[in-house]
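Structure, as structure tokens:
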Ligand code: CTP
Ligand code: MG
């Protein structure tokens with residue numbers, strides 16, 4: 004986001020800046036359009052570079068029908084800047100609502116959703132429409148409480164005067180922003196004809212929708228409006244599962260406050276002659292700078308951010324962050340700064356997910372399976388995180404014969420000069436052009452891969468070996484942690500350092516149990532019943548794997564080896580047999 008020079012001077016007070024910012028946004032678009040030359044001269048050339056990069060990748064997208072994460076980010080960010088979020092009344096009439104808003108300009112897209120009330124996301128075709136709309140928005144009054152005068156694009160729709168009868172008929176359809184409950188999912192999967200179809204159905208039910216994705220970028224954009232009070236050129240970018248292609252509806256929103264364009268990294272000083280530099284306050288370390296920035300922005304979010312509640316500053320974590328809930332969207336948000344390696348790993352995961360559709364499907368399935376059995380949790384603890392599970396799936400896919408996805412070292416070898424990236428001494432280089440990546444021909448089905456995944460980790464030598472997607476081969480463990488997964492870019496770090504021995508044991512035991520279940524004809528073939536819509540269908544295949552397990556009670560791996568089929572599985576099989584016999588009789 005580029006802001007014109009006159010705007011940059013306005014750093015006096017946050018309120019003054021906030022007010023200016025709202026007006027500045029209108030001139031921003033004009034400012035951008037006026038002259039490209041201005042952009043080339045201005046301190047941060049990243050927008051220009053980004054555009055060039057986006058154009059380059061757009062060209063390759065056309066060839067292969069895939070979008071680079073960069074292009075996706077640019078598109079979504081632009082959409083978000085032209086969007087507003089409006090809290091509506093449950094009786095809001097869609098037609099009237101649209102007619103009212105259309106007075107400010109053409110609407111590109113809109114949708115409604117429910118989260119502590121009904122909300123609408125409205126994307127205008129032009130930025131000017133947002134400015135025009137905001138000019139006519141009133142400051143709330145009539146309450147015994149005083150309002151903090153921070154104006155944002157989060158608005159409330161009021162219907163003053165008499166309510167006419169047509170207002171009671173909403174005609175709206177709300178877009179779901181959360182996943183279906185697990186029991187629903189089990190029923191849905193049980194109706195499918197094959198395990199491959201079950202996996203596709205699960206992926207479809209869980210992955211982020213177009214609307215949810217838009218909402219995520221809009222929340223980033225709303226937060227950016229707060230952060231620009233101090234750092235007019237900053238952007239707030241989503242990373243992690245919100246954008247890496249492995250996000251499930253309801254996942255948290257990881258955000259990065261990106262100040263790179265302000266840091267002056269891109270400015271080349273002349274070899275001789277006069278030049279100017281900013282006077283800036285200094286701190287002991289980059290970490291201290293990050294902490295102080297997040298502390299201030301966290302305070303602003305807490306004090307002024309409409310809809311932001313439960314703000315916690317977790318500044319002493321390895322990666323300092325501000326955590327809060329954004330009530331209007333229902334997102335649990337983590338705001339970080341100076342976390343460029345995480346952005347790189349997001350790009351890498353996105354790239355792997357785009358290479359072969361089996362990657363995403365398998366990751367979704369394994370994540371859902373792990374969640375159903377409490378192997379992962381949204382609460383921090385000794386469990387395996389979704390990120391670790393994703394890396395485990397990627398590693399498994401690299402170990403297939405022939406491999407389904409290439410190693411990170413191979414992706415680095417394919418990189419061109421523009422892909423070169425070293426962050427804090429870590430080599431984060433890998434190819435971004437999909438066309439340079441040649442995949443080997445592996446025709447395994449999702450059903451085969453799921454079974455093999457469980458087999459693979461049921462027998463993996465965790466006590467000696469480390470999982471390493473850079474090499475695509477297990478390596479000797481450099482430390483004693485029960486589970487060692489090398490961080491792809493910060494290679495001295497273990498992604499799963501938090502996992503304790505009993506959690507790993509549970510994971511292994513569940514892998515054994517699931518691999519075994521998939522081999523049994525009783526559970527691996529459709530059971531019939533309820534397919535025509537009557538009654539609940541009998542769980543089979545993937546649905547069986549999502550049913551509660553009693554593996555938690557198993558204390559040691561040795562014991563599991565001697566007794567591969569737990570009593571529960573036997574019981575389950577018995578009950579399946581009985582049910583089928585009852586149906587036949
Ligand atoms: N990350 C990392 N190293 C870690 C943990 C996280 O590089 N040890 C990066 C990854 O890019 C990850 C992102 O930070 O995707 C966000 O972390 P997290 O929220 O824990 O994982 P998600 O992938 O977003 O998964 P979830 O849906 O559980 O939030
Ligand atoms: Mg996340």
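Residue numbers (the numbering used here): 4 to 588.
Cβ coordinates follow ideal geometry from the N, Cα and C atoms, glycine included.
Status (buried if at least 16 other CB within 10 Å, exposed otherwise) for residue i
i, result
"residue 443", "exposed"
"residue 284", "exposed"
"residue 561", "Bear in mind that the predicted position of residue 561 carries a pLDDT of just 43, short of 50, making it too unreliable to give a figure here."
"residue 467", "exposed"
"residue 431", "buried"
"residue 149", "exposed"
"residue 144", "exposed"
"residue 272", "exposed"
"residue 316", "buried"
"residue 102", "exposed"
"residue 161", "exposed"
"residue 472", "buried"
"residue 193", "buried"
"residue 281", "exposed"
"residue 470", "buried"
"residue 128", "exposed"
Residue i CB to nearest heavy atom of the ligand MG below 7 Å
i, result
"residue 243", "yes"
"residue 624", "Absent from the structure is residue 624, since the part of the chain shown begins at 4 and ends at 588."
"residue 436", "no"
"residue 322", "no"
"residue 255", "yes"
Counterpart residues of residue i in DSSP-defined beta bridges
i, result
"residue 338", "258, 325"
"residue 116", "122"
"residue 241", "258"
"residue 186", "The partner list for residue 186 (beta bridge, DSSP) is empty, contrary to what the question assumes."
"residue 110", "127"
"residue 497", "489"
"residue 210", "251"
"residue 159", "90"
"residue 177", "115"
Residue i - DSSP class collapsed to helix/strand/coil
i, result
"residue 492", "coil"
"residue 394", "helix"
"residue 88", "strand"
"residue 249", "coil"
"residue 423", "coil"
"residue 314", "strand"
"residue 389", "helix"
"residue 135", "helix"
"residue 431", "coil"
"residue 478", "strand"
"residue 296", "helix"
"residue 468", "strand"
"residue 142", "coil"
"residue 524", "helix"
"residue 309", "coil"
"residue 355", "helix"
"residue 286", "coil"
"residue 451", "helix"
"residue 147", "coil"
"residue 97", "helix"
"residue 347", "helix"
"residue 403", "coil"
"residue 442", "coil"
"residue 276", "coil"
For residue j and residue i, believed in contact at Cβ under 8 Å, the rounded distance
i, j, result
"residue 324", "residue 297", "7 Å"
"residue 223", "residue 240", "7 Å"
"residue 517", "residue 548", "5 Å"
"residue 503", "residue 485", "6 Å"
"residue 349", "residue 243", "6 Å"
"residue 312", "residue 301", "At roughly 13 Å, the Cβ-Cβ gap does not stay under 8 Å, so residue 312 and residue 301 are not in contact."
"residue 425", "residue 393", "That pair is no contact at about 24 Å."
"residue 475", "residue 383", "Their Cβ separation, rounded to whole angstroms, is 29 Å, which puts residue 475 and residue 383 out of contact at 8 Å."
Proximity test, residue i beta-carbon vs the ligand CTP heavy atom, cut-off 7 Å
i, result
"residue 261", "no"
"residue 454", "no"
"residue 333", "no"
"residue 250", "yes"
"residue 345", "yes"
"residue 349", "yes"
"residue 429", "no"
"residue 510", "no"
The ligand HEM heavy atom lying under 7 Å from the CB of residue i
i, result
"residue 206", "No copy of the ligand HEM appears in this structure; the ligands present are the ligand CTP and the ligand MG."
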